[in-house]
Amino acid sequence: MAGIVPDPQTLALYLGAAVALILAPGPDTVYVLTRGIQSRAAGVRSALGVSTGVLLHTLAAALGLAALLRAAPTAYSLVKYVGAAYLVYLGVQAVRNDEFALDDATETTNSYLRGVAVNALNPKVALFFLAFLPQFAGDGPDATARMALLGFLYAVVTAGYLSAVALASNRARRLVATDRLREKLQWGAGSVFVLLGLSVALDA
Numbered sequence: 205m206a207g208i209v210p211d212p213q214t215l216a217l218y219l220g221a222a223v224a225l226i227l228a229p230g231p232d233t234v235y236v237l238t239r240g241i242q243s244r245a246a247g248v249r250s251a252l253g254v255s256t257g258v259l260l261h262t263l264a265a266a267l268g269l270a271a272l273l274r275a276a277p278t279a280y281s282l283v284k285y286v287g288a289a290y291l292v293y294l295g296v297q298a299v300r301n302d303e304f305a306l307d308d309a310t311e312t313t314n315s316y317l318r319g320v321a322v323n324a325l326n327p328k329v330a331l332f333f334l335a336f337l338p339q340f341a342g343d344g345p346d347a348t349a350r351m352a353l354l355g356f357l358y359a360v361v362t363a364g365y366l367s368a369v370a371l372a373s374n375r376a377r378r379l380v381a382t383d384r385l386r387e388k389l390q391w392g393a394g395s396v397f398v399l400l401g402l403s404v405a406l407d408a
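The sequence shown runs contiguously to residue 408 in our numbering.
Okay, structure coming up:
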């Protein structure tokens, strides 16, 4: 176990970098924020879904799948466009079918899996983990195990932060909830996801 855990200085640097990166807003944060406005359960489940996506990217990096994605431009483009299409789909659903309706129990049950998809279908995240984790995992026979441990820690921090975002957004919604506000949030969430999807699709 001692060989798997990085030395204290490396671990402190890693956690500092991880926290800074997790705090940077992105599609994951926007998704959890909108789910949190919907309900506390949906927000927390979506946060756990995103964290599961982090674990999947960690596994891909450890097994070399992310490297394969980087080496195969066609596969990378396919995953990128699928992820972009899914973000646009979420945006359209938000506007047309009240995807983020307040306290919608049906959508609450789907929020975890959709949280996984929002994170896992972003190939840039896969390449990020491929580049980020090895810097702190080092080399040697325990490098893969250290990478898995570091990815797990990243997922735990992600789950904690995004759950806090979900709970805070839900509390804010309950303080100022009105039908007019709900409609604005619905259109706002839809527009953000469509723009994020287009941004992913058009990014070289």
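Even glycine gets a Cβ: it sits at the ideal position worked out from N, Cα and C.
The structure displayed is predicted, hence computed values, not measured ones.
Annotated as proximal: TYR290 and LEU325, with beta-carbon spacing under 8 angstroms.
When DSSP states are grouped into helix, strand and coil, SER395 belongs to the helix group. Under the three-state reduction of DSSP output, ASP346 falls in the coil class, being neither helix nor strand.
The shortest CA-to-CA distance from GLY220 to any of ALA370, ASP346, PRO345 and PHE340 is the one to PHE340. Contact between ALA321 and ALA266 does not hold, since their C-beta atoms are separated by about 21 angstroms, which reaches or exceeds 8 angstroms. Counted as a single uninterrupted DSSP element, the stretch harbouring PRO210 is not any alpha helix (DSSP H), since DSSP gives it neither H nor E. It is roughly 10 angstroms from the alpha-carbon of PHE332 to the alpha-carbon of THR262.
Taking C-beta separations shorter than 7 angstroms and ignoring five residues to either side along the sequence, the partners of TYR285 in its chain run ALA405, following chain order. The beta carbon of ALA349 sits closer than 6 angstroms to the beta carbons of ILE208 from its chain, once the five residues preceding and following it are set aside; these are given in chain order. Annotated three-state conformation of PRO229 is coil, per DSSP.
Residue environment for SER403: exposed (fewer than 16 other C-beta atoms within 10 angstroms of its C-beta). When ARG377, ARG375, VAL369 and ALA330 are compared, the shortest CA-CA separation from THR233 is found for VAL369.
By the criterion of a C-beta distance shorter than 6 angstroms, VAL292 is surrounded in its chain by VAL398 and GLY401, once the five residues flanking it on both sides are discounted. Residue burial is scored here from C-beta neighbours: ARG244 has at least 16 other C-beta atoms within 10 angstroms and is therefore classed as buried. By the 16-neighbour rule on beta-carbons within 10 angstroms, PRO229 is exposed.
Taking 8 angstroms as the cut-off, the beta carbon of TYR316 is found no closer than this to the beta carbon of ARG377.
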